[in-house]
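Written out below as structure tokens is the structure these notes cover.
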Amino acid sequence: SARLVVLVSGAGSNLAALLAAHDVPAYGARVVGVVSDRPGIRGLELAQDAGIPTAVVSLKEFPDRAAWDEALTEAVAVFSPDYVVAAGFMKLVGAPFHARFGGRMLNTHPALLPSFPGAHGVRDALAYGVKVSGCSVIVVDEGVDSGPIVAQVPVVVEDADDEASLHERIKVAERALLVDVVGRVAREGLVVEGRRARIGR
Ligand code: GAR
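Residues in the sequence shown are numbered from -5 upward in steps of one, following the numbering used here.
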């Protein structure tokens, strides 16, 4: 089955969903390593509880971003992943990472891209006043949430929503979408043609 490395920066609920799915051999993918840019987060605990090896590569432990980028790339590369999944990873990866894993890295985002990219997709969608938001799984490219879209699910915004309540509902849809897409990509492959991505060979 396909080897996955999952990148996390926080709660790790998307990671937890992948860990719940990967025990079934028919899923076609298994998490072989979890890498974080921050120590002490719940995502790392979840991985450790599941017996998955982890690594932490903190930006502040490196002289500059380029050195961090090399270290992050190496920390992921030691697991020899077929695919890298950013699941709530809140940093942009740099040139060495793209050179190594470009076209094989997925990211999940809590908005319907290309609307509301960046670190505050839920807040920005709410502030704009959209009535429908959702989640997107994309192929990571050099930009901020600008890569080809693999799959999206809409989530209706309610009048009473605040950022937390909307994010919670989006995350329910997001976990299901991510588990589905990662499994299908692992089993069937991923093709990127220009801006358009599709699952298949
Ligand atoms: C998820 O909603 C993910 O889409 C978002 O952070 C959350 C992480 O939750 N990522 C971004 O906003 C990236 N720009 P989790 O740690 O519980 O999986």
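Don't be surprised by glycine CBs; every beta carbon is placed ideally from N, CA and C. Fair warning: this is a prediction, and the values are worked out from it, not measured in the lab.
Contact test: residue i Cβ vs ligand 1 heavy atom, cutoff 7 Å
| i | result |
| --- | --- |
| V2 | yes |
| H103 | yes |
| M99 | no |
| S7 | yes |
| G34 | no |
| K165 | yes |
| E168 | yes |
| D139 | yes |
| A113 | yes |
| G82 | yes |
| G194 | no |
| G128 | no |
| G37 | yes |
Cβ-based burial, residue i [other Cβ within 10 Å; buried from 16]
| i | result |
| --- | --- |
| E168 | buried |
| A81 | buried |
| M99 | buried |
| D58 | exposed |
| S30 | buried |
| S74 | exposed |
| K165 | buried |
| A(-4) | buried |
Contact set for residue i: own chain, Cβ-Cβ below 6 Å, skip 5 residues either direction
| i | result |
| --- | --- |
| P111 | V138 and D139 |
| E64 | P90 |
| T67 | P90, F91 and R94 |
| A10 | L40 |
| A119 | A105, F110 and S127 |
| A69 | V29, A49 and V51 |
| D76 | A(-4) and R(-3) |
| A44 | L13 |
Residue of the options minimising C-alpha distance to residue i
| i | options | result |
| --- | --- | --- |
| R181 | A20, L9 and A11 | A20 |
| A154 | T67, R24, V147 and R163 | R163 |
| V151 | L160, A145 and V144 | L160 |
| V175 | G6, G22, G4 and V18 | G22 |
| A14 | V25, M84 and S130 | V25 |
| V51 | P33, A60 and A44 | P33 |
Residues near residue i by beta carbon distance below 7 Å, same chain, minus five either side
| i | result |
| --- | --- |
| N8 | A81, G82, T102, E168, R169 and L172 |
| P142 | I132, V133, V186, R189, R190 and A191 |
| Q42 | T48 |
Own chain, CB closer than 8 Å to residue i, minus 5 neighbours either side, in chain order
| i | result |
| --- | --- |
| A5 | I35, R36, G37 and G82 |
Problem set entry | Contained beta strand (DSSP E) runs [length at least 3] in the stretch 13 to 99, N- to C-terminal order | 23 to 30, 48 to 50 and 77 to 80
Problem set entry | Secondary structure, beta strand (DSSP E): runs of 3+ residues fully inside the stretch 127 to 152 | 143 to 150
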